[in-house]
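Numbered by the numbering used here, the letters in the sequence shown go through residues 172 to 356 in order.
Here's the structure, in structure tokens; my notes come after.
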Amino acid sequence: MMKIDELKALLQNKYREFFQSIEDISRDDQNNESLCSSPFVCLAFDHAIHDLASKKGEDALKSPDLLHIQDNQLFFVEFKNGKIDKKERQSLRLKAIEGPFIGLYEMIKEHDPSISFHDIVKIDKVYYVVYNEEKNPQKRTAGLQRHLEGQQIRFSLKKYKGTFMKDVKTICATVFLESVVSKWK
């Protein structure tokens, strides 16, 4: 079984060109703006997945924008600068499965044939959806209630917590930078 440090080293060595700042990874090309302004560098996971699919002549899997590895966990982040409608919620669910499981397995298998899919499944994963609060407002009373209960899962992702993912969080960009990225090393 591959250790998390070995996984991190493999990704840093074999996918070096896909490490970018969070500001660049969270860039919304349609509006030419970044959702999160941070120089912290992570793997532009979605770009790496698309590159691998292109090299293989295959359709790319749905995958989160970012991968960060820390404290024996994989942190996957999807940035959403626009309004999240029903179709987008379905896409968010697919990105939580295809990329962190199949996509990551294919990336690693390219360089380490000894890895098994089961090895990937066993690694703790956390999935963040970071959204634009202005474009996706919560009803004040429901939002306050969720905050008081400590639940921050929106966009039909609750069932993934404790099943596919160790944890799932849906948070606005400001909270993501202040409470998550500030703790990353």
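Ideal Cβ placement from N, Cα and C applies to all residues, glycine included.
Option in the options with minimal Cα separation from residue i
| i | options | result |
| --- | --- | --- |
| Leu345 | Leu206, Asp236, Gln183 | As written in the sequence, residue 345 is Thr, which differs from the Leu given in the question. Out of Leu206, Asp236, Gln183, Leu206 has the C-alpha closest to the C-alpha of Thr345. |
| Phe247 | Glu188, Asp295, Gly333 | Asp295 |
| Leu238 | Gln191, Asp199, Thr341 | Gln191 |
| Lys356 | Val212, Leu178, Ser208 | Val212 |
| Arg264 | Leu223, His289, Lys233 | Lys233 |
| Val339 | Ala231, Ile268, Ile255 | Ile268 |
Status (buried if at least 16 other CB within 10 Å, exposed otherwise) for residue i
| i | result |
| --- | --- |
| Asn202 | exposed |
| Ala399 | Only positions 172 to 356 of the chain appear in this structure, which leaves residue 399 out of reach. |
| Asp217 | buried |
| Ser209 | buried |
Supposed close pair residue i, residue j - CB separation, criterion 8 Å
| i | j | result |
| --- | --- | --- |
| Ile240 | Ala215 | 14 Å between Cβ atoms; not a contact. |
| Met336 | Val297 | 6 Å |
| Asn303 | Lys251 | 7 Å |
Chain-order list of residues whose beta-carbon lies under 8 Å from that of residue i (same chain, five-residue window excluded)
| i | result |
| --- | --- |
| Glu188 | none |
Same chain only: Cβ atoms within 6 Å of residue i, ignoring 5 sequence neighbours per side
| i | result |
| --- | --- |
| Asn243 | Ile175 |
Cβ-based neighbour list, residue i, same chain, cut-off 7 Å, excluding 5 preceding and 5 following
| i | result |
| --- | --- |
| Ser262 | Lys233 |
| Thr312 | In this predicted model, Thr312 has a pLDDT of only 45, less than 50, meaning its place in the structure is not dependable; the value taken from the coordinates is given anyway. Cβ neighbours of Thr312 beyond the five flanking positions: none. |
### Query
Do three or more CB pairs link the segment 271-279 to the segment 223-243 at distances below 8 Å?
Yes, the segment 271-279 touches the segment 223-243.
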